[in-house]
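So the structure is just underneath, and the comments pick up after that.
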Amino acid sequence: MQTTSPYMRTGASRITKRIQIKTILALMIGAVSVSAVGVTTADGEAIFTQRCAACHSIGGGRSVGPDLKGVHAKRAQDWLIQITKSAQSLVDSGDAEAKKLLDEYKMIMPDQNLSDAEVKAVLDYIASKGS
Ligand code: HEC
Numbered sequence: 298m299q300t301t302s303p304y305m306r307t308g309a310s311r312i313t314k315r316i317q318i319k320t321i322l323a324l325m326i327g328a329v330s331v332s333a334v335g336v337t338t339a340d341g342e343a344i345f346t347q348r349c350a351a352c353h354s355i356g357g358g359r360s361v362g363p364d365l366k367g368v369h370a371k372r373a374q375d376w377l378i379q380i381t382k383s384a385q386s387l388v389d390s391g392d393a394e395a396k397k398l399l400d401e402y403k404m405i406m407p408d409q410n411l412s413d414a415e416v417k418a419v420l421d422y423i424a425s426k427g428s
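Under our numbering, the residues of the sequence shown are numbered 298 to 428, in order.
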């Protein structure tokens with residue numbers, strides 16, 4: 298004996314489909330809002346031009362500060378985020394590499410009021426220029 302009629306089955310699969318569509322919609326909305334608040338490599342280029350280019354080149358040699366080409370390959374990302382936000386704090390914490398840079402360049406890099414996401418975008422932009 299059949300207990301479920303073909304109609305019921307169709308009904309059930311319609312509900313499943315509706316749930317799938319809702320899930321897809323929710324994921325799409327989620328993705329759009331993430332990209333709206335996210336910082337992209339294009340922003341990284343703008344930040345670099347406005348906030349870093351006065352003292353740094355990427356592949357153009359030493360300036361007020363070191364040439365940043367390939368810096369992502371030489372240093373850990375956490376360290377790069379820290380020194381970009383506040384070289385002074387890194388020196389104060391006793392970091393040997395940061396002290397070496399200070400000795401070599403005879404000036405401390407001024408603190409940058411940037412979020413981690415903004416710093417990562419700048420670092421991605423620098424990395425996109427090769428190593
Ligand atoms: C006023 C000049 C100045 C500006 C503006 C500046 N920097 Fe620097 N930066 C320096 C100097 C000088 C050093 C080396 C001394 C030190 O580390 O404090 C340095 C060091 C660095 C280092 C370490 C490099 C290495 O070889 O390990 C990174 C990374 C860096 N800067 C990134 C940035 C980024 C990204 C920006 C823009 C958001 C920026 N800097 C803006 C002057 C500057």
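We put the beta carbon where it would ideally sit given N, CA and C, even for glycine.
**Request:** Would you check if there are 3 or more beta carbon pairs closer than 8 Å linking the segment 388 to 405 to the segment 332 to 347?
**Result:** no
**Prompt:** Quick one, are the C-beta atoms of VAL416 and LYS371 less than 8 Å apart?
**Reply:** no
**Prompt:** Residues in its own chain within less than 6 Å of VAL361 by CB, not counting five upstream and five downstream?
**Reply:** CYS352
**Prompt:** Less than 8 Å separating the beta-carbons of ILE355 and LYS426?
**Reply:** yes
**Request:** Compare the Cα-Cα distances from LYS366 to each of ASP375, GLN379, CYS349 and report the closest residue.
**Result:** CYS349
**Request:** With hydrogens ignored, establish whether the beta-carbon of ILE380 is closer than 7 Å to any heavy atom of the ligand HEC.
**Result:** yes
**Prompt:** So which of ARG311, ASP421, SER428, LYS319 has the shortest CA-CA distance to GLN374?
**Reply:** ASP421
**Request:** Could you tell me if GLN317 is buried or exposed, where buried requires 16 or more neighbouring beta carbons within 10 angstroms of its beta carbon?
**Result:** exposed
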